[in-house]
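Engineer: At position 157 of the sequence shown (counting the first as 1) the number is 158 in the numbering used here, and the numbers step up by one without a gap. Just so you know, even glycine gets a beta-carbon here, dropped at the ideal spot from N, CA and C.
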Amino acid sequence: VTIALTEELLLMIILLVTEMPQPPDPTPTSTTTTTPPSGEGEEGSSSSSGGGNGGGADADSRIHSQLRREVVHRLAASSCTHSEVHECFHLVPKSDQVGASVLEDILKEVATRRPATGLEPEKFTLKDSLWSLYDPTFFHLSLSAHQQASERRPTNKQQQQQSAGGSP
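1. Can you check whether the CB of I64 is closer than 8 Å to the CB of S84?
2. Can you tell which of L131, Q98, V18 has its C-alpha closest to the C-alpha of S59?
3. If you run the structure through DSSP and keep just helix, strand and coil, what is L120?
4. DSSP three-state label for L127, please.
5. Does K109 pass the burial test, meaning 16 or more other C-beta atoms within 10 Å, or should it be called exposed?
6. In angstroms, rounded to a whole number, what distance separates the CA positions of L11 and L142?
7. Along the alpha helix (DSSP H) that carries A60, what are the first and last residues, could you check?
8. Using a Cβ-Cβ cut-off of 8 Å (strictly less than) and excluding sequence neighbours within five positions of K128, which residues of its own chain qualify?
9. Is it buried or exposed for A77, if we count other Cβ within 10 angstroms and need 16 for buried?
10. Between which two residues does the beta strand (DSSP E) holding T113 run?
11. Determine which residues share a DSSP beta bridge with C81 and list them.
12. On a Cα-Cα basis, can you pick out the residue from S130, K124, R69 that is closest to S102?
13. Spatial neighbours of P137 within its chain, please: CB distance less than 8 Å, with the 5 preceding and 5 following residues excluded, ordered by chain position.
14. Less than 8 Å between the beta carbons of L16 and V73, yes or no?
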């Protein structure tokens, strides 16, 4: 019982250290959002701060990196169809701010497309070169998914064979 509690505590500490929320996007208009007590300039302050989109390219970059991380871990656990990978969008805050093409870009970066065979749909698998991005304490995967990922992870011997041209 003590070992289980210690393990839970350690996982909680790892979670807190590695998954802290990112700081808010720095925007130059964030200091002008308050209105003066006299009520003067209410229209001016609302129009000057309303043009931003929450950080622009920086916010998109953060969302992209979070989505990429979710997809890498999802594919580490098992091969997935496009719709299964698309579920990662729901795990990332403000992911609705980026277009659907972002998922296609991420899949091109991190996944190998396995064509459909027979009745089985097309699936995506994690590229062997990206297994170093897998975090065994990633909190959006269940314990069984982490076990599947550790079983699927290529060994050093397999990686050496693939880099040498696949000959045994």
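Structural biologist: With the given structure in hand:
1. no
2. According to the sequence displayed, residue 59 carries Asp and not Ser. With distances taken between Cα atoms, D59 lies closest to Q98.
3. coil
4. strand
5. exposed
6. 17 Å
7. 58 to 78
8. V111, A112, T113
9. buried
10. 112 to 115
11. F125
12. R69
13. H147, A150, S151
14. no
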